[in-house]
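In the numbering used here, the protein residues as written are 807 to 967. Beta carbons are placed, not taken as given, at the ideal position from N, Cα and C, and that holds for glycine. Owing to the predicted nature of the structure, the values given are computational and were not obtained by experimental measurement.
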């Protein structure tokens with residue numbers, strides 16, 4: 807640790823600002839604005855929709871009793887929720903890779919696009935990026951990851967002004 811006395815601090819403050827310093831400050835400002843102006847790629851939106859859409863599995867066969875009960879005016883008996891088609895390991899790996907790349911971009915861009923620093927949202931994204939789910943839990947993991955990305959995108963607002 808370096809101690810700076812008053813005379814040294816005063817001398818540093820009086821030192822003239824060079825053109826190089828001004829250029830560096832402008833470059834930093836322009837780079838931060840270009841990060842803030844970066845849009846969200848369409849392939850990320852398509853991947854989010856792919857994960858969050860319904861993934862119906864094998865449909866249960868219709869029963870004749872259900873049709874009869876409906877014609878009589880009685881409610882059909884409750885059925886178990888439909889099965890969800892699992893993701894193949896290749897699909898899960900592709901989507902996970904896409905979300906991890908998006909997380910890297912969002913961690914850089916989001917602070918410049920929101921009114922307040924989204925600490926919890928970024929913490930959740932980083933935690934999900936580092937998580938390694940079992941193959942059987944890939945779909946639920948990717949849905950949680952997609953919802954975390956959507957929450958951050960919602961905070962960032964619309965690209966159109």
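query, result
"Rounded C-alpha distance that separates residue 880 from residue 870", "14 Å"
"Nearest candidate by alpha-carbon position, reference residue 960, set 925, 939 and 920", "920"
"Residues of its chain near residue 934, where Cβ-Cβ distance is below 7 Å and the 5 sequence neighbours each way are ignored", "950, 951 and 954"
"Inter-stretch contact (C-beta, 8 Å, three-pair minimum) for the stretch 823-835 and the stretch 896-905", "no"
"Limits of the unbroken alpha helix (DSSP H) element including residue 923", "Run containing residue 923: none; DSSP gives neither H nor E here."
"Spatial neighbours of residue 809 in its chain, beta-carbon cut-off 7 Å, leaving aside the 5 residues before and after", "none"
"Nearest residue (CA-CA) to residue 908, options 820, 814 and 848", "848"
"Exposed unless 16 or more other CB atoms sit within 10 angstroms - verdict on residue 916", "buried"
"Cβ pair residue 958, residue 912 closer than 8 Å", "yes"
"CB contact flag (residue 893, residue 850, <8 Å)", "no"
"Beta-carbon gap between residue 941 and residue 895 smaller than 8 Å", "yes"
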